[in-house]
Amino acid sequence: MEILNQISEALQKGQAPTVKELCQKALDEGLNAKEVLEGGLMDGMGIVGEKFKKNEVFVPEVLIAARAMNAGIEILKPLMVDAGVKAAGKIVIGTVKGDLHDIGKNLVKIMMEGKGFEVIDLGTDVSAEKFLETYKTENADIICCSALLTTTMIYMKDIVSAFEEDGIRDNATIMVGGAPVTQNFCDTIGADIYTSDAASAADAALQVMAG
Ligand code: B1M
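Residue numbers (numbering that gives the first Met the number 0): 0 to 210.
Quick look at the structure:
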């Protein structure tokens, strides 16, 4: 549908006011919030994610597209709540204890939201206890841990251990990533999924939810 293509394209260009206007127009034309979210906003963010994976766009473009996505969601949110539109799943994300780098973590959050996930962002310097407590109180589906330092990535093992000691390791999917993290490291510490970039992380999370 033409209006949805226009929303997707404006989002890819990071045109927040246009995205906002077009979302309202689409609703006025009779489309529902879910159609606008999936056919317009998520479609646009999906394309940005694929281009980011292939190095065809870079961090600033993704951040600007995310701002446009948020502008659109602002319009849709009240209607989505009313209509009971369900999130794809619930993610708890954070940069691990001792680590203050958050640019990559924020990109993972953006891509996850772009795929329709509800994301609880614990920020940076997050302890294993905080991940565990939030996972339980929020009844979340997936834990996402980011680390940028070789000295802090080893803390991911403590997070896996905290879930094991609590007896809920088998219920929780633990995803890890960040520049120094590798598939081999993920296997060594007993985490579930490693991805090298934010868009792949969101794809992997969708696969987890699909069972
Ligand atoms: Co820091 N820093 N830094 N730094 N910093 C690095 C990481 C470093 C490689 C620079 C260097 O020496 N060449 C180095 C680490 C060396 C090492 O451990 N081997 C380093 C260091 C040493 C430090 C300090 C210790 C410096 C000091 O004070 N002496 C200090 C540590 C502070 C702390 O955390 N306790 C420090 C501080 C900082 C700043 C605060 C100044 C700033 C962070 C600002 C911020 O994040 N708000 C900063 C920055 C910006 C960097 C560099 C320049 C850029 C990092 C970045 O944002 N990259 C970095 C050098 C470099 O990379 N060129 C460096 C872009 C981002 C998009 O990539 O986070 O890898 P990244 O995310 C990727 C993927 O990894 C993946 O998705 C993203 C792409 O799609 N991904 C995931 C990330 N998380 C994921 C989770 C997933 C899946 C994928 O699943 C859950």
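Built from N, CA and C at the ideal position, the CB exists for glycine as well.
Measuring only the C-alpha atoms, how far is E34 from T149? 43 Å
The segment 90–105 in contact with the segment 22–33 per 3-pair CB rule at 8 Å: no
Can you tell me whether V18 is buried or exposed? The criterion is at least 16 other CB atoms within 10 Å of its CB, across all chains shown. buried
Three-state secondary structure assigned by DSSP to M208: helix
With the cut-off set at 9 Å, would you say A197 and M110 are in Cβ contact? yes
Between F51 and the ligand B1M, is the CB less than 8 Å from at least one heavy atom? Correct: F51 has its Cβ closer than 8 Å to the ligand B1M.
Shorter than 8 Å, the distance from the beta carbon of D196 to the closest heavy atom of the ligand PLP, or not? The ligand content of the structure shown is limited to the ligand B1M, which means the ligand PLP is not among them.
Enumerate in chain order the residues of its own chain whose CB-to-CB distance from V56 is below 6 Å, with the five nearest sequence positions on each side excluded. K50
How would you call G93, buried or exposed, if buried means at least 16 neighbouring beta carbons within 10 angstroms? buried
Could you name the residues of the same chain whose beta carbon sits closer than 6 Å to that of M44, not counting the 5 residues immediately before and after it, in chain order? M68 and G113
Please return the same chain residues whose Cβ sits closer than 8 Å to the Cβ of L147, not counting the five positions on each side in sequence. T94, D98, H100, G103, G177, A178 and P179
Work out the CA separation of L62 and K52 for me, nearest whole Å. Rounded to whole angstroms, K52 to L62 spans 14 Å at the Cα level.
Alpha helix (DSSP H) segments (min. 4 residues) lying fully within the segment 51–129: 58–82 and 102–113
Would DSSP call S145 helix, strand or coil? In this structure, S145 counts as strand in the three-state DSSP scheme.
Got a sec: is the Cβ-Cβ distance from I188 to anything in chain D below 9 Å? Absent from the structure: chain D. Only one protein chain is present.
CB of A209 within 9 Å of CB of V107, strictly: no
I158 versus G71: straight-line alpha-carbon distance, rounded: For I158 and G71, the distance between alpha carbons rounds to 35 Å.
Please classify V80 as buried or exposed, where buried requires at least 16 neighbouring CB atoms within 10 angstroms. exposed
From what residue to what residue does the alpha helix (DSSP H) around M155 run? Y154 to E164
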